[in-house]
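Enquirer: Please read through the structure below; I'll follow up with questions.
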Amino acid sequence: MINTQKIWMDGKLVDHDDAKIHVLSHVIHYGSGFFEGIRSYDTPKGAAIFRLDEHIKRLFDSCKIYRTEVPFTEEEVKDGIMEVLKANNLKGSYIRPLIYRGYAQLGVNPLTCPVNVMVSAWEWGAYLGEEALKYGIKAQTSSWRRLAPNTMPTMAKASGNYLSSQLIKMEALENGYDEGIALDYQGNVSEGSGENLFAIRDGVIYTPTITASALVGITRDSIIKIAEYLGYKIVEQNIPREFLYVADEIFLTGTAAEVTPVSFIDGIKIGKGERGPVTEKIQDLYFKIVRGEFTLDENWLTFIK
Ligand SMILES: Cc1ncc(COP(=O)(O)O)c(C=O)c1O
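Pasting the structure below:
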């Protein structure tokens, strides 16, 4: 069970046990939900949410792509997040806002159903484990491809897209790996089941473009800016699968995964098979920034009022 007491539902805080929706809600049947994964961190100046504005913008962008009119403003959803963090007395947390099509009628057309909004948050550690942050994970190339551009929009962080992520994740775990890395419909590298990917070779940092069916990751954007600040050259381009095998270092990024090194892919050792020096430098600065120990852009932290 998720350990949290109060959940924000359509503008009101409700008890954990009362935060329920009807089984005939559209979202359950047809995947019509749009969500974010956001983290707050305990900083020397108090608890702060990392890149709240960008997350809420992406949430509303996801809704726009699916013609979903949100009955709350961006500011009201941000206030809801603040309320949830305060009501649950959270400092370091994972925050989950979800906008979804609720219950009225049941058919494929979502436009006949109401739009509901919820926000929950809870304490959560390292997504792939503390050890993974230090020593790296073992990944496999998934046999599942990411969604092709003219099938489902990957710029939207939509609940339905995560059926693809679930197939990638389950296959990787079944095969004894920590994570799966999917190729796009053309066979180029796309992303992990819940993370963007960076590969380093000869001091240059490469990452797939978002046209490779990868989510427009907010951590991805932060890492690009951090790497540029550190003086690295960043190249966004198509990446063939075998480039991963000959990379010096690889790491995955995401709000949940933060900056997680990859030490093996398909049983092939990446670099020395451990966290590489460039990854460590970027990871180190990333953690300093989210924990409020270093400022690259003062708009990146929103302090809990
Ligand atoms: C499929 C997928 N790709 C990438 C990411 C990383 O995105 P972000 O850095 O915004 O958390 C996520 C996490 O939400 C994801 O689910």
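Everything in the sequence shown is counted per our numbering, starting at 1 for the first residue and increasing by one.
Beta carbons are placed, not taken as given, at the ideal position from N, Cα and C, and that holds for glycine.
Being a predicted model, the structure only gives us computed values, none of them experimental.
By a C-beta neighbour count over all protein chains shown, 10 Å radius and 16 as the cutoff for buried, is residue 80 buried or exposed?
Expert: Sequence index remark: in the sequence shown, residue 80 carries index 80 (1-based). A residue is called buried when at least 16 other Cβ atoms come within 10 angstroms of its Cβ; residue 80 meets this threshold and is buried.
Enquirer: Any heavy atom of ligand 1 inside 6 Å of the beta-carbon of residue 196?
Expert: Position 196 of the sequence shown, counted from the first residue, corresponds to residue 196. Yes, the Cβ of residue 196 comes within 6 Å of a heavy atom of ligand 1.
Enquirer: Given a cut-off of 7 Å, decide if residue 7 and residue 120 are closer than it, judged by their beta-carbon atoms.
Expert: Position 120 of the sequence shown holds residue 120. Position 7 of the sequence shown holds residue 7. Against a cut-off of 7 Å, the Cβ pair of residue 7 and residue 120 comes out as a contact.
Enquirer: Would you mind stating whether residue 247 and residue 201 have Cβ atoms separated by less than 7 Å?
Expert: Within the sequence shown, residue 247 is the residue found at index 247, counting from 1. Within the sequence shown, residue 201 is the residue found at index 201, counting from 1. It is a contact, given that the beta carbons lie within the stated cut-off.
Enquirer: Cβ of residue 10 within 7 Å of Cβ of residue 89?
Expert: Along the sequence shown, read from residue 1 onward, the residue named residue 10 stands at position 10. Along the sequence shown, read from residue 1 onward, the residue named residue 89 stands at position 89. Contact: no.
Enquirer: Whole angstroms is fine: what's the gap from residue 92's alpha carbon to residue 123's?
Expert: Taking the sequence shown and counting its residues from 1, the one referred to as residue 92 is at position 92. Taking the sequence shown and counting its residues from 1, the one referred to as residue 123 is at position 123. Each residue's alpha carbon lies about 6 Å from the other.
Enquirer: Which residue from 300, 60, 86 puts its Cα closest to that of residue 75?
Expert: As a working note, residue 75 is residue 75 in the sequence shown. Looking at the Cα atoms, 60 is the closest of the given residues.
Enquirer: Going by the DSSP bridge assignment, what does residue 122 pair with across the sheet?
Expert: Your numbering for residue 122 matches position 122 in the sequence shown. According to DSSP, residue 122 bridges with 94.
Enquirer: How close, in whole Å, do the beta carbons of residue 193 and residue 157 come, if the pair is a contact with beta carbons under 8 Å?
Expert: Position 193 of the sequence shown, counted from the first residue, corresponds to residue 193. Position 157 of the sequence shown, counted from the first residue, corresponds to residue 157. Not really, about 13 Å apart at Cβ, beyond 8 Å.
Enquirer: Counting only the same chain and skipping the five closest in sequence on each side, list residues whose C-beta sits under 6 Å from that of residue 300.
Expert: Counting from one through the sequence shown, the residue named residue 300 turns up at place 300. If we look at residue 300 and ignore the five residues flanking it on each side, its Cβ neighbours are 51.
Enquirer: Residue 77 lies in the alpha helix (DSSP H); which residues open and close that run?
Expert: In the sequence shown, the residue the question calls residue 77 occupies position 77. From DSSP, the alpha helix (DSSP H) with residue 77 extends over 74-87.
Enquirer: Exposed or buried, what is residue 305 when buried is set at 16 or more other beta-carbons lying within 10 Å of its beta-carbon?
Expert: Against the sequence shown, residue 305 aligns to sequence position 305. With fewer than 16 other Cβ atoms from the protein chains shown falling within 10 Å of its own Cβ, residue 305 counts as exposed.
Enquirer: Short check: CB of residue 259 to CB of residue 136, under 7 Å?
Expert: Here residue 259 corresponds to residue number 259 of the sequence shown, with the count starting at 1. Here residue 136 corresponds to residue number 136 of the sequence shown, with the count starting at 1. No, Cβ-Cβ distance for residue 259 and residue 136 is not below 7 Å.
Enquirer: Ligand 1 and residue 75: does the residue's C-beta get closer than 6 Å to at least one heavy atom of that ligand?
Expert: The residue you call residue 75 lines up with position 75 of the sequence shown. No, the beta carbon of residue 75 sits no closer than 6 Å to any heavy atom of ligand 1.
Enquirer: Using alpha carbons as the reference points, say which of 256, 288, 267 lies closest to residue 125.
Expert: As a working mapping, residue 125 is identified with position 125 in the sequence shown. For the residues 256, 288, 267, the minimum Cα distance to residue 125 belongs to 256.
Enquirer: Using alpha carbons as the reference points, say which of 70, 46, 77 lies closest to residue 54.
Expert: Translated into positions along the sequence shown, residue 54 becomes position 54. For residue 54, the nearest C-alpha among the options comes from 77.
Enquirer: State the CB to CB distance for the pair residue 199 and residue 244, rounded to an integer number of angstroms; the pair is presumed to be in contact (CB under 8 Å).
Expert: By one-based count along the sequence shown, residue 199 stands at place 199. By one-based count along the sequence shown, residue 244 stands at place 244. About 6 Å separates the two Cβ atoms, so the contact holds.
Enquirer: Look at the alpha carbon of residue 277 and the alpha carbon of residue 111, and state the distance between them as a whole number of angstroms.
Expert: As a first step, residue 277 is located in the sequence shown; it is residue number 277 there, counting from the start. As a first step, residue 111 is located in the sequence shown; it is residue number 111 there, counting from the start. C-alpha separation (whole angstroms): 51 Å.
Enquirer: Okay, do the segment 143-159 and the segment 204-213 touch, 3+ Cβ pairs below 8 Å being the bar?
Expert: yes
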